[in-house]
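Working notes for the structure below.
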Amino acid sequence: MARTSRIPGFFKLSVGERRRLVAEATHLDVRAFEACEGRGLDVGTSDKTVENVLGVYGLPFAATLNVRVNGEDVIAPMVIEEPSVVAAASNAARIAREGGGFTAEADPPLVAAQVQLLDVEDAGSAIERIRAREKELLAMADAAIPGLVARGGGARSIEIRRLGTPADRMIVVDTFVDCRDAMGANLVNSVAEAIGDELAVIARGRVGFRILSNLCDRRKVKVTCRVPFHALKTDEMGGADVARGMEEGSRFAELDPYRACTHNKGIMNGVDAVVIATGNDWRAVEAGAHAYAARNGRYEPLATWRREGEELVGTLEMPLALGIVGGTLRVHPTARLALEMTGCRRATDLAVVAATVGLASNLAALRALASDGIQRGHMGLHARSVAVAAGANGDQVEKVASRIIELGDITLDAARKVVAELRAADPTSVAVAE
Ligand code: MEV
Numbered sequence: 023m024a025r026t027s028r029i030p031g032f033f034k035l036s037v038g039e040r041r042r043l044v045a046e047a048t049h050l051d052v053r054a055f056e057a058c059e060g061r062g063l064d065v066g067t068s069d070k071t072v073e074n075v076l077g078v079y080g081l082p083f084a085a086t087l088n089v090r091v092n093g094e095d096v097i098a099p100m101v102i103e104e105p106s107v108v109a110a111a112s113n114a115a116r117i118a119r120e121g122g123g124f125t126a127e128a129d130p131p132l133v134a135a136q137v138q139l140l141d142v143e144d145a146g147s148a149i150e151r152i153r154a155r156e157k158e159l160l161a162m163a164d165a166a167i168p169g170l171v172a173r174g175g176g177a178r179s180i181e182i183r184r185l186g187t188p189a190d191r192m193i194v195v196d197t198f199v200d201c202r203d204a205m206g207a208n209l210v211n212s213v214a215e216a217i218g219d220e221l222a223v224i225a226r227g228r229v230g231f232r233i234l235s236n237l238c239d240r241r242k243v244k245v246t247c248r249v250p251f252h253a254l255k256t257d258e259m260g261g262a263d264v265a266r267g268m269e270e271g272s273r274f275a276e277l278d279p280y281r282a283c284t285h286n287k288g289i290m291n292g293v294d295a296v297v298i299a300t301g302n303d304w305r306a307v308e309a310g311a312h313a314y315a316a317r318n319g320r321y322e323p324l325a326t327w328r329r330e331g332e333e334l335v336g337t338l339e340m341p342l343a344l345g346i347v348g349g350t351l352r353v354h355p356t357a358r359l360a361l362e363m364t365g366c367r368r369a370t371d372l373a374v375v376a377a378t379v380g381l382a383s384n385l386a387a388l389r390a391l392a393s394d395g396i397q398r399g400h401m402g403l404h405a406r407s408v409a410v411a412a413g414a415n416g417d418q419v420e421k422v423a424s425r426i427i428e429l430g431d432i433t434l435d436a437a438r439k440v441v442a443e444l445r446a447a448d449p450t451s452v453a454v455a456e
């Protein structure tokens, strides 16, 4: 965990200064951050990782500040191409700090190995026979994953369900595997393959698919925050009004799947960016999140917001299967650095960090939608980067950005003109970009 995740004025600093401060706060060597430039997978490793490789594709690697979860500060890594997301999450995490930050808990890392059994004549007695052999089947599963068992994980329990109508003659056997610090896909698939044939014999049927389920609803994370109304206020609106709008926006998502989808997209902006930064499988996380969102037969929001007294309380619950060993982390130096930045020692801790950034992203989006609208913040950030591209530096960035927003002309030409005007007024203050 970081010494502090509060670094005021961070966005105004140069990349080099930011690296130095994050290295200091996370107790890491600044040289690791300097070396991360262009240090994704190299082309040779890429060529051994996937097929038909042409090159290596880079994305921005950034730091989410202000995050405080379970009483500890974390600087969360994000890899994302979308402007505003990192700033919005950092700003929301700062707002959440005013209520003490986030609190979170994670389930043990259980993932189901699914074995589909077909042509099962008598599902009832097949299920009984499998239950009677549970201990033996769990031992057979553990024998397929000795490394995980040695690390304290392994197969824990078996559950069996009938699928469809009796005419389908199909049952599914879910074996729950404790994956410890691994994401677990390979381990769990090995379990499914190891016990599939024996299950078919016991069920007097035929084995079908043997594969993990990405709907890991036994591996969930729950994050909450309690934000005092005053922390939500904007230049134009009081905090209580913003809180009311955010609760109404939450209800909108609870009642309308079309809104719930966008609401959840905002959450996944934060979650995915941490998942990608730390070399985890974001497709698995996405599939699990949206399947979980639809678990009640209708697509619903993963996070909801309610006013309680003078506070707005946000709660996010979602499945999150992340690993801190193996996979991409073995070969990707920046993914390893990103993980080290978090200070997480357990996969469940990393899941907590990713979900927390997800709830922060949702807080930011709902606050903006309940007050100024989303475009204003986006435009503000866009204007700032245009100002920097036009040569503004230091405090001039804000001045140039505000002026081009005021002019309604957020272009490089307009920004250059404003920079030139400022320079004419005070020749020592601004360096004009050529
Ligand atoms: C944009 O990437 C995400 C939002 O649309 C999320 C939301 O509407 O809640 C702003």
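If you read the sequence shown in our numbering, its first letter stands for residue 23, the second for the next number, and so on. C-beta atoms are modelled at their ideal positions from N, C-alpha and C, and glycine is treated no differently. All values derive from a computational prediction rather than experimental measurement.
> What residue from F55, D141 and R202 has the CA that sits closest to P188's CA?
Replying inline: The residue with the shortest Cα to Cα distance from P188 is D141.
>> Given a cut-off of 8 Å on the beta-carbon distance, is the pair K242 and D129 in contact?
In response: With respect to the 8 Å criterion, K242 and D129 are classified as neighbours on the basis of their beta carbons.
> With a CB to CB cut of under 8 Å and the five nearest residues on each side skipped, what residues in its chain are close to L221?
Replying inline: V137, L139, I152, L159, V195 and V229
> Buried or exposed: where does V452 fall if 16 or more other Cβ atoms within 10 Å of its Cβ makes it buried?
Replying inline: Residue placement at V452 is flagged as unreliable, the pLDDT there being 46, under the threshold of 50; a coordinate-derived value is accordingly withheld.
> Roughly how many angstroms lie between the CA atoms of L35 and N92, to the nearest whole one?
Replying inline: 29 Å
>> Quick check on this structure: which residue in F198, I233, A262 and R202 has the alpha carbon closest to the alpha carbon of A214?
In response: I233
> With which residues is L277 paired in a DSSP beta bridge?
Replying inline: For L277, which the question treats as bridged, DSSP gives no partner whatsoever.
> Roughly how many angstroms lie between the CA atoms of V422 and S106, to the nearest whole one?
Replying inline: 18 Å
> Which whole-angstrom value is the C-beta distance of G206 and G345, which I expect to be below 8 Å?
Replying inline: 7 Å
> If you compare alpha carbons, which of R305, S179, A165 and M192 is closest to L132?
Replying inline: S179
> Can you name, in chain order, every residue of its own chain whose Cβ lies under 8 Å from the Cβ of E276, other than the five neighbours on each side?
Replying inline: A282, E322, P323 and T326
> Helix, strand or coil: how does DSSP classify T326 here?
Replying inline: strand
> Count the other CB atoms within 10 Å of the CB of F124; is the residue buried (16 or more) or exposed (fewer)?
Replying inline: Only buried fits F124, as 16 or more other CB atoms lie within 10 angstroms of its CB.
> What residue range is occupied by the uninterrupted alpha helix (DSSP H) comprising M401?
Replying inline: I396 to A411
>> DSSP has K242 in a bridge; who is on the other side?
In response: P341
> Between L43 and the rest of its own chain, which residues show a CB-CB distance below 8 Å, the 5 nearest in sequence each way excluded?
Replying inline: I29, F32 and L35
> So, is D448 buried or exposed, given that buried needs 16 or more other C-beta atoms within 10 angstroms?
Replying inline: So D448 counts as exposed.
>> Contact between the region 69-81 and the region 371-389 is defined here as three or more beta-carbon pairs at a separation below 8 Å; is this criterion met?
In response: no
>> Classify H354: buried if its beta carbon has 16 or more other beta carbons within 10 angstroms, exposed otherwise.
In response: Classification of H354: buried, given that the 10 Å Cβ count is 16 or more.
> Taking all protein chains shown into account, do 16 or more other C-beta atoms lie within 10 angstroms of the C-beta of Y79, making it buried, or fewer, making it exposed?
Replying inline: exposed
> For A357 versus G292, is the C-beta distance shorter than 8 Å?
Replying inline: no
> What span of residues does the alpha helix (DSSP H) with A387 cover, start to end?
Replying inline: Segment A369 to A392, the alpha helix (DSSP H) holding A387.
> How close, in whole Å, do the beta carbons of E56 and R40 come, if the pair is a contact with beta carbons under 8 Å?
Replying inline: Incorrect: roughly 11 Å between the Cβ atoms, too far for contact.
> Among the residues of its own chain, which have a CB less than 8 Å from the CB of V199, if the five just before and after it don't count?
Replying inline: L132, V133, A134, A135, A163, I167, L170, G175, G176, A177, R178, G206, L209, V210 and V213
> Relative to the alpha-carbon of L50, which residue among T364, A414, G301 and T67 has its alpha-carbon at the smallest distance?
Replying inline: T364
> Exposed or buried, what is E150 when buried is set at 16 or more other beta-carbons lying within 10 Å of its beta-carbon?
Replying inline: exposed
> Considering only C-alpha positions, which residue in the set G430, N384, T67 and T370 is nearest to A204?
Replying inline: Ranked by how close their Cα comes to the Cα of A204, the residues G430, N384, T67 and T370 have T370 in first place.
> Which value, in whole angstroms, describes the spacing of the CA atoms of L444 and G38?
Replying inline: Those two C-alpha atoms are separated by around 26 Å.
> Which residues in the same chain have their Cβ closer than 6 Å to the Cβ of A145, if we skip the five residues on either side of it in sequence?
Replying inline: R184 and I193
> Does DSSP put G267 in a helix, in a strand, or in coil?
Replying inline: DSSP places G267 in helix when its eight states are reduced to three.
> Using a threshold of 7 Å, is the CB atom of N113 nearer than that to any non-hydrogen atom of the ligand MEV?
Replying inline: no
>> Between the alpha carbons of I182 and R90, how many angstroms are there, rounded?
In response: 40 Å
> Which residue spans inside the region 173-242 form an unbroken alpha helix (DSSP H) run of at least 4?
Replying inline: 207-225
> Measuring CB to CB, does A45 end up less than 8 Å from S27?
Replying inline: no
>> Below 7 Å, is the gap between the Cβ of A299 and the nearest heavy atom of the ligand MEV?
In response: no
>> Give me the residue from E332, G349, D294 and A386 with the minimum Cα distance to G271.
In response: A386
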